[in-house]
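K.L.:
I am attaching a structure below and will ask some questions about it afterwards.
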Amino acid sequence: MDWNEIKADWRRYKVNIREQWGNITSEELDEIAGEQNALEHKIQQRYNLTPEQVREQINEWYRKLSRNT
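Straight run, no breaks: the sequence shown in our numbering ends on number 70.
This is the structure:
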């Protein structure tokens with residue numbers, strides 16, 4: 002996964018992130034501003050997941066997204 006690509010086009014990816022993790026608000030995503038660690042922390046916080054679970058979910062999300070583009 003190339004996080005630099007996600008960070009560079011954060012506005013587009015925010016929509017997909019909201020679809021996947023709807024408990025994260027648009028305002029929170031604006032604050033995260035493409036920072037991977039901040040997103041991981043917010044997902045962990047909102048969904049009560051371990052860091053490993055969060056990374057697995059993000060990697061799976063990115064794989065699905067890559068297949069659909």
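All residues carry an ideal CB built from backbone N, CA and C; glycine is no exception.
Using C-beta distances below 6 Å, list every residue in its chain close to W22, excluding the 5 sequence neighbours before and after it, in chain order.
P.N.:
By 1-based counting over the sequence shown, the position of residue 22 is 21. Once the five neighbours on either side are set aside, the close Cβ partners of W22 are I44.
K.L.:
Can you give me the Cβ contacts of G35 inside the same chain, cut-off strictly under 7 Å, excluding the 5 residues immediately before and after it?
P.N.:
For the purposes of this step, residue 35 is identified with residue 34 of the sequence shown, where counting begins at 1. If we look at G35 and ignore the five residues flanking it on each side, its Cβ neighbours are I7, K8 and W11.
K.L.:
Between which two residues does the alpha helix (DSSP H) harbouring I25 extend?
P.N.:
For the purposes of this step, residue 25 is taken as residue 24 along the sequence shown, with counting starting at 1. I25 -> no alpha helix (DSSP H), and no H or E assigned at all.
K.L.:
Give the secondary structure of N60 by DSSP, where H, G and I count as helix, E and B as strand, and everything else as coil.
P.N.:
For the purposes of this step, residue 60 is taken as the residue at position 59 of the sequence shown. N60: helix per DSSP, three-state reduction.
K.L.:
Among N24, R13 and Q37, whose alpha-carbon lies nearest the alpha-carbon of D3?
P.N.:
Start at 1 with the first residue of the sequence shown, and residue 3 comes out as number 2. Among N24, R13 and Q37, the Cα nearest to that of D3 is on Q37.
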